[in-house]
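Reading through the structure tokens given below for one structure.
In our numbering, the protein residues as written are 7 to 189.
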């Protein structure tokens, strides 16, 4: 065989090779686009969860400024805090919703930062439940407060962020207050 006959047989890519390369490239691009959509959804979920945490922290900060015997903290639950129903947003026993609390305390609520966040930053539902910590004599030494913030996910389900706080009775501090049991 002469060198010129071998060189004349090499013409480049065939149409089938070009279509196969285009198919592989298209599948790769579709994978990248799907990854981009999924990352965007996860970023949105993380943003909503961060906002829910911020709302819950704002509410806990508001509770620190309230007196121990304030009306917003007086609705005590009969559910044991170790019971999973205590953290259930749908359980009505002792649950106080932020919307109801704002109406209770008046036009300018004591819970302003949390209320402002909920009303301006999306579809968040905020509530809390209070569990008393009793001494041996039966007096309330402290109140355990569970702040619950619920929001929808992209799949249509609801996700909930919980933050615990403890409000001590200032009158019980000098008497050797009861220990707060762990949950």
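Heads up, the beta-carbon is just placed ideally off N, CA and C, and yes, glycines get one too.
Output yes or no for whether 9 Å exceeds the beta carbon distance between residue i and residue j.
i: residue 152; j: residue 105; result: no
i: residue 61; j: residue 155; result: yes
i: residue 172; j: residue 150; result: yes
i: residue 81; j: residue 66; result: no
i: residue 157; j: residue 58; result: yes
Identify the continuous beta strand (DSSP E) that holds residue i and give its terminal residues.
i: residue 70; result: Counting along the chain, residue 70 falls outside any beta strand (DSSP E), though it belongs to the alpha helix (DSSP H) covering 21-71.
i: residue 148; result: 146-158
i: residue 138; result: 131-140
At the level of alpha carbons, what is the spacing between residue i and residue j?
i: residue 50; j: residue 159; result: 9 Å
i: residue 69; j: residue 91; result: 22 Å
i: residue 77; j: residue 144; result: 20 Å
i: residue 43; j: residue 29; result: 21 Å
i: residue 113; j: residue 134; result: With a pLDDT of 46 at residue 113, under the threshold of 50, the modelled position of this residue cannot be trusted; read the value that follows with caution. Going by the C-alpha atoms only, they are around 20 Å apart.
i: residue 37; j: residue 31; result: 10 Å
i: residue 19; j: residue 39; result: 28 Å
i: residue 21; j: residue 27; result: 10 Å
i: residue 89; j: residue 75; result: 25 Å
Going by C-alpha to C-alpha distance, which of the options sits closest to residue i?
i: residue 170; options: 146, 141, 178, 137; result: 137
i: residue 174; options: 67, 135, 73; result: 73
i: residue 162; options: 39, 139, 177, 129; result: 129
i: residue 139; options: 131, 39, 83, 31; result: 83
i: residue 79; options: 63, 52, 107, 21; result: 107
Rounded to the nearest angstrom, how far is the Cβ of residue i from that of residue j, given a contact under 8 Å?
i: residue 55; j: residue 165; result: 7 Å
i: residue 178; j: residue 147; result: 4 Å
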